[in-house]
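Structure first, then comments.
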Amino acid sequence: MKSNFDFSNMEYGGGGYALSYSLVEALAPTIDECIERYPHLRVSDQLLSSCLADLGVDLTIEKGFHQIDLHGDISGLLSSHIRSPLVTLHHLDGINPLFPSKSRSESMNHLMEAASFDQSRLLQQTICYHRPTNWTFSVSWGCSVHVYENIIPRSVLRSPLETFAPFKKSVRPPLNMFDTRLPSNDPCQTPRLFFLESVKNTESNQVLTTYSRTSRYNLPPCLSSGNHSADPITKIHVVLQATRHQQVGLLYNFCGCILFL
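Okay, structure coming up:
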């Protein structure tokens, strides 16, 4: 929150940025003069932002770049990734490993394995409903599946669960530049968590991702939705047609291709 307040018009070198070839051609002849013009700017991304502004170029926000100025468990954030291709994840040394029982480096390799099958789908959220049991499935492809024992609207699930902590412990609310949902002990609002176990191609040119339960739920069933406990589920399979490219903004809807065991 503080970083956005101080540098809302600046790209972050950690989270990353992209420059077009033509912009680099225009910037290169002016960079030495720009450095002399701003001797007080010692941070490269702040300096570059000033140089680009002097050329009349403003920052275009691409929501797939992530600085991750957070601490702790960001699984709630990744479970509701905004509908934009994932480009970068930075500051991973300040957060928990993305997958339980794996180290940080093992977690990133695991996530990149899913990306090698279909980078355009990585972390893209699809929300599905199983009407016979009133269950809601929130799939963050290549990362996790959240199962709710209740029908939760898409308008609610697009806001991430605040499983993470702010970068600075001493700050006061508001803590984020986006809407969040606070974790709850209500069994009708608390998801069961399944994390990516494996990804592979099938003989029919499809991609099969398997998500497995990694921890006990320790809450009773949701009575208001029919008392249909999801305790027996240990694995979830998601089957998709193999593809390398997807149109930006395309709805990644594969609700007919989810199996739970």
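First residue of the sequence shown: 12, per this note's numbering; consecutive thereafter.
Even glycine gets a Cβ: it sits at the ideal position worked out from N, Cα and C.
Remember, predicted model here, so these are calculated numbers, not experimental data.
Coarse secondary structure for residue i, derived from DSSP in three states
| i | result |
| --- | --- |
| Asn120 | helix |
| Cys233 | coil |
| Phe178 | coil |
| Ser149 | strand |
| Ser170 | coil |
| Cys139 | strand |
| Arg203 | strand |
| Phe128 | helix |
| Arg227 | coil |
| Leu251 | strand |
| Leu103 | helix |
8 Å Cβ cutoff, residue i in contact with chain D
| i | result |
| --- | --- |
| Ile72 | Reference to chain D is not applicable here, since this structure consists of a single protein chain. |
Sequence-distant residues of its chain with Cβ nearer than 6 Å to residue i (five each side left out)
| i | result |
| --- | --- |
| Leu75 | It is worth fixing the name first, because residue 75 is Gly in this sequence and not Leu. So the list reads Ser95, Pro96, Leu97, Val98, once near-sequence residues are dropped. |
| Pro231 | Pro198 |
| Leu168 | Ile138, Ser149 |
| Cys266 | Cys139 |
| Phe271 | Ile244, Ile247 |
| Gly105 | His82 |
| Phe128 | Val210, Val218 |
Contact belief for residue i with residue j at Cβ below 8 Å, rounded distance in angstroms
| i | j | result |
| --- | --- | --- |
| Asp80 | Phe178 | 4 Å |
| Leu172 | Arg192 | 5 Å |
| Thr225 | Leu219 | The Cβ separation is near 19 Å, so there is no contact. |
| Arg132 | Trp152 | 5 Å |
| Glu156 | Trp146 | It is Val, not Glu, that sits at residue 156 in the sequence shown. Val156 to Trp146, Cβ: 11 Å. No contact. |
| Asp56 | Tyr23 | 6 Å |
| His239 | Thr144 | 4 Å |
CA nearest to the CA of residue i, picked from the options
| i | options | result |
| --- | --- | --- |
| Ser236 | His92, Tyr140, His121 | Tyr140 |
| His102 | Pro111, Ser91, His77, Ala125 | His77 |
| Gln276 | Leu88, Asp43, Ala253 | No information on residue 276 is available, as it lies outside the stretch 12 to 272 that the chain covers here. |
| His248 | Val35, His239, Ser223 | Ser223 |
| Pro111 | Leu270, Cys154, Asp104 | Cys154 |
| Asn196 | Phe205, Lys211, Cys233 | Cys233 |
| Ser116 | Pro243, Leu100, Asp129, Phe128 | Leu100 |
| Glu160 | Tyr28, Ile106, Pro243, Leu34 | Pro243 |
| Asn107 | Ser127, Ala126, Ser86 | Ser86 |
| Ile269 | Arg227, Phe128, Ala39, Thr221 | Thr221 |
| Glu73 | Val250, Tyr28, Tyr32, Lys246 | Tyr28 |
| Lys246 | Ile162, Phe205, Gly26 | Phe205 |
| Ser31 | Thr71, Met21, Glu47, Val54 | Thr71 |
| Val54 | Ala39, Tyr228, Met21 | Met21 |
Chain-order list of residues whose beta-carbon lies under 8 Å from that of residue i (same chain, five-residue window excluded)
| i | result |
| --- | --- |
| Cys45 | Leu58, Ser61, Cys62, Asp65 |
| Gly260 | For Gly260, the predicted model reports a pLDDT of 47, less than 50, meaning its position is unreliable; a value from the coordinates is still stated below. Same-chain partners within the cutoff: Arg94. |
| Ser91 | Gln136, Ser149, Ser151, Leu168, Arg169, Ser170, Pro171, Leu172 |
| Glu124 | Val210 |
| Gln252 | Asn216, Gln217, Val218 |
| Pro194 | Gly87, Leu172, Glu173, Thr174, Thr201 |
Proximal residues to residue i (C-beta, below 7 Å), its chain only, five neighbours per side dropped
| i | result |
| --- | --- |
| Tyr49 | Leu58, Ser61 |
| Ala37 | Leu66 |
| His121 | Phe110, Lys113, Leu207 |
| Ile42 | Cys62 |
| Leu52 | Leu58, Ser61 |
| Asp190 | Ser170 |
| Gly25 | Gln78, His101, His102 |
| Leu34 | Val68 |
task: Would you mind listing the alpha helix (DSSP H) stretches within the stretch 12 to 97 that are 4+ residues and don't spill past its ends, in chain order?
output: 13 to 17, 32 to 38, 42 to 48, 55 to 65, 86 to 89
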